[in-house]
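One rule links them: number in the working numbering = place in the sequence shown (from 1) + 2. Note that beta-carbon positions come from the ideal geometry of N, C-alpha and C, so glycine has one too. All values derive from a computational prediction rather than experimental measurement. Here is the structure we will look at.
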Amino acid sequence: MSGGRRVVVTRRPPPLGSRGTPPLPGDSPGDSPGVPAIVGPQLRQALRTVGAVAGLLLGVPVLAAWVPDPWAWVAMSLAVQGAWVGLSVLHLRWAERLER
Numbered sequence: 003m004s005g006g007r008r009v010v011v012t013r014r015p016p017p018l019g020s021r022g023t024p025p026l027p028g029d030s031p032g033d034s035p036g037v038p039a040i041v042g043p044q045l046r047q048a049l050r051t052v053g054a055v056a057g058l059l060l061g062v063p064v065l066a067a068w069v070p071d072p073w074a075w076v077a078m079s080l081a082v083q084g085a086w087v088g089l090s091v092l093h094l095r096w097a098e099r100l101e102r
């Protein structure tokens, strides 16, 4: 770098409550009548996924209490990781399918 003098450049933040950039054409909320039709099914799907996650979180300790073998812990930890990945992939596919 050159040994030149540093210049401080300040930028004023936009005032609170300002609009920022104007919306693009076709980007207003009134242009998408299908949004409420998508949000409802996606919310139900998200609640099903949360229920499956809760079942997995509560089921693993119960299963661990029934299976005393130390190697069962290894198997359960691998199975839980696989279940997380599978559940996330399924949820993503279902959500994308609902948007079509």
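Taking C-beta atoms as the reference points, I40 and E101 count as a pair closer than 8 Å.
Taking V52 as reference, the option from R8, L92, P70 with the minimal CA-CA separation is L92. The alpha-carbon separation between W73 and A48 amounts to approximately 33 Å. Rounded to the nearest whole angstrom, the C-alpha separation of L80 and L45 is 29 Å. Beyond the five residues adjoining it in sequence on each side, G84 comes within less than 8 Å, by CB distance, of no other residue in the same chain. When the five nearest sequence neighbours on each side are left out, the beta carbons in the same chain lying within less than 8 Å of the beta carbon of L89 are those of T51, A54, V55, L58, in order along the chain.
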